[in-house]
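All remarks here apply to the structure that follows.
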Amino acid sequence: LGNGSAFRRCLHNPRRVTIISTVRGRRPHYTKVSAELEGKIFCPFCPGNEKHTPPATLVLAKSSESKYCFLREERSGEIGDWIVRVFPNKYPALIPKANSDLTYGYHEVLVETRIHNEEEYLKDPENIYFALKTLKERIKRILEDPRIKHVIVIKNKGAKAGASITHPHLQIFANTFVPPEIEEEIYGFKRYYEENGKCPLCYLISTHKELVFYTNESFASLVAYAPRVPYETYIVPLKHTFNFLSMGDVEILSLSRALSKTMLSLRRVLGDFDYNFWFHMVYDSSLKFYHWHIEVLPLTTTWGGYEKGSGVYIIDRFPESAASELRKAISSGT
Ligand SMILES: [Zn+2]
Ligand SMILES: [Zn+2]
Ligand SMILES: [Zn+2]
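Going by the working numbering, the sequence shown runs without a break in its numbering and finishes at 345.
And the structure:
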């Protein structure tokens, strides 16, 4: 499956199609995009600079030798020995004081770690574990607001992704409505289930092993069946569930290990690459056919007018061959 061409429709979102055409022989340029100016630029997310950000809505801190607790700040920087820190975005897209119901919401930043360097952060899954544990707690608290119908978590890394700060951080957007992309997927999962009697993601991870490049007890990482960009990757729980709020500590640790391996193997293949990723989850327990997942979109190529204007994505590499490359990157010790 290294050469040739193919047409594929995304199984859980039928409005996206991909044409794979290796004959185009385009630009072998999966190179670094993020030119880091480490150590030169002031970082407001580094320990000691908390006063440059709003007071934290949630902080994970150590309470004793082996215990952790969640706290809240009155003043910025009140909790100096934080492990993970969540606070409102300084330039929010959504605000809790909005007049209109559709602009009401929360837009927050979750600083995942005290460590400024992403690669160093990713190397120890325990760092990711603390970030995810805090993320889960913050989403639970936001959902206590009865006006909130949906929460999406995203990550922008690098200039191409629209990020100005390199320190590892996530963004949380909580809306009074379900965003269109999620509605599209809800429809896609439902339709696939009605037509085929199964979930498209359960089907992919159990049957299309050639796309899967990493698995542990609870999670699998695979290259998308119909990628929008080369190396588009999903991280999927093996257990069919619609969000991660019921995950216990053991599963959170499995997800941390999956994220660590996935991002480090992508780094090994693509260099210090720019990307967006997001958690796609739903919060309405009647949507049983929905299977939550993380989508990682490496920004190593640029979409042209055809991709943007038609929803047809042309890529020059089969996802099966990308998966095999990532599998090798993992076994060679990332
Ligand atoms: Zn920093
Ligand atoms: Zn499933
Ligand atoms: Zn999705």
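All C-beta atoms, glycine included, are put in the ideal place defined by N, C-alpha and C.
Minimum Cα-Cα distance from ILE153 among the listed residues PRO107, PHE284, SER232 corresponds to PRO107. For TYR245, the enclosing beta strand (DSSP E) covers residues 244-248. Remark: C-beta atoms of PRO103 and SER87 do not approach each other more closely than 8 Å.
Judged by beta-carbon spacing, VAL95 lies within the 8 Å limit of PHE141, meaning their Cβ atoms are closer than that value. Runs of alpha helix (DSSP H) with 4 or more residues, each lying fully within the stretch 295-325, are found at 316-321, listed in chain order. With fewer than 16 other Cβ atoms inside 10 Å of its own Cβ, ALA109 counts as exposed. DSSP places TYR102 outside both helix and strand once states are collapsed to three, so it counts as coil. Nearest Cα to ILE305 within the set SER343, ILE193, GLY208: ILE193.
In chain order, the residues with a C-beta atom nearer than 6 Å to some heavy atom of ligand 2 are CYS210, LEU212, CYS213, HIS251, HIS302.
Here DSSP, grouped into helix, strand and coil, assigns GLU61 to helix. Between LEU222 and the set ALA17, ARG27, THR244, HIS180, the nearest pair of CA atoms involves THR244. Secondary structure note for ALA231: its beta strand (DSSP E) is the uninterrupted segment 230-234. No Cβ-Cβ contact shorter than 8 Å links HIS23 with PHE188. For LEU256, there is no enclosing alpha helix (DSSP H), since its DSSP letter is neither H nor E. In the DSSP annotation of this structure, TYR203 is not part of any beta strand (DSSP E); the continuous alpha helix (DSSP H) holding it starts and ends at 191-207.
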